Amino acid sequence: MNTTIRTASSSDEQALSELEGSCFDEDRRASRLSLRRSLSSARQVVRVIDVTPTNTAPSPSLVGAAIFWFYPRSLRIYSVAVRPEFRGEGVGRRLVADAFRMARDRGAARITLEADQANPTLIRWYEAQGFAVTGQLPSYYAPGRDAVRMVCPVT
Ligand SMILES: CC(C)(COP(=O)(O)OP(=O)(O)OC[C@H]1O[C@@H](n2cnc3c(N)ncnc32)[C@H](O)[C@@H]1OP(=O)(O)O)[C@@H](O)C(=O)NCCC(=O)NCCS
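The numbering of the sequence shown is our numbering, which starts it at 25 and goes up by one.
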């Protein structure tokens, strides 16, 4: 599978909203307003991965996206999402690697994120990419739905 990575623009809003719908429960989906803010904010960037068009599938198709927030000394991975039928092919890892590249370019010392405590597969996935759990965030998503904070230094 050939893919390309780029910064999203306002014309990607519909595709990003569909991606959210295929990846997150309703209570965790970014609203259209929140997506629009992410696409226009100077403190955020939305990076997307398209499958490169081929003769049999001529239009580019957005298969994954990540939203990053920039802070003075750190970058926060706000979300990473890959369309279910394209998972397990390294698209998610490529988006995380892109976060490291952007963090280095901006001189950030660390990358932070919040991960669902009830999803040990996801926590292990981030650990395999250098992140460590540094704290608990009780009722972070909703009452009784906890998260963990994870951090990785940028070297
Ligand atoms: C987490 C996620 C982005 C990984 O994307 P991906 O493109 O499948 O990631 P990669 O191909 O780079 O890595 C796949 C590996 O991650 C594992 N994995 C990590 N988290 C997972 C999850 N939530 N569901 C399924 N597999 C997951 C798989 O077991 C797989 O392991 P393998 O390579 O040994 O087979 C994707 O599963 C997803 O969109 N999940 C729903 C949204 C979500 O929970 N996002 C993270 C929090 S914002």
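Each residue gets a CB set at the ideal place from its N, CA and C atoms; glycine is no exception. Only a predicted model underlies this, so the values are computations on that prediction, with no experimental measurement involved.
C-beta atoms of residue i and residue j nearer than 7 Å
i	j	result
D140	I29	no
R134	S98	yes
M126	Y150	no
T27	I73	yes
F94	R67	yes
V87	A32	no
V178	A105	no
V115	Q153	no
A89	L40	yes
R107	S46	yes
For residue i, the residue or residues it bridges with in DSSP
i	result
L86	D74
F94	L99
N-terminal and C-terminal residue of the beta strand (DSSP E) that residue i is part of
i	result
A171	169 to 177
S163	156 to 166
R134	134 to 140
R30	27 to 31
Where the alpha helix (DSSP H) through residue i begins and ends
i	result
D122	115 to 129
R148	144 to 151
G45	37 to 47
S103	Here S103 belongs to no alpha helix (DSSP H); instead the beta strand (DSSP E) covers 98 to 106.
T61	The sequence shown places Arg at residue 61, not Thr. Taken as a continuous stretch (DSSP letters only), the alpha helix (DSSP H) holding R61 covers 56 to 64.
CB-CB length for residue i against residue j, believed under 8 Å
i	j	result
E37	R60	6 Å
Y165	R53	12 Å between Cβ atoms; not a contact.
S85	L63	About 19 Å separates the two Cβ atoms, so there is no contact after all.
*asked:* Please output, in chain order, the residues near ligand 1 using a CB cut-off of less than 5 Å to any non-hydrogen atom of the ligand.
replied: C47, S103, V104, A105, V106, R111, G112, G114, V115, G116, R117, T145, L146, W149
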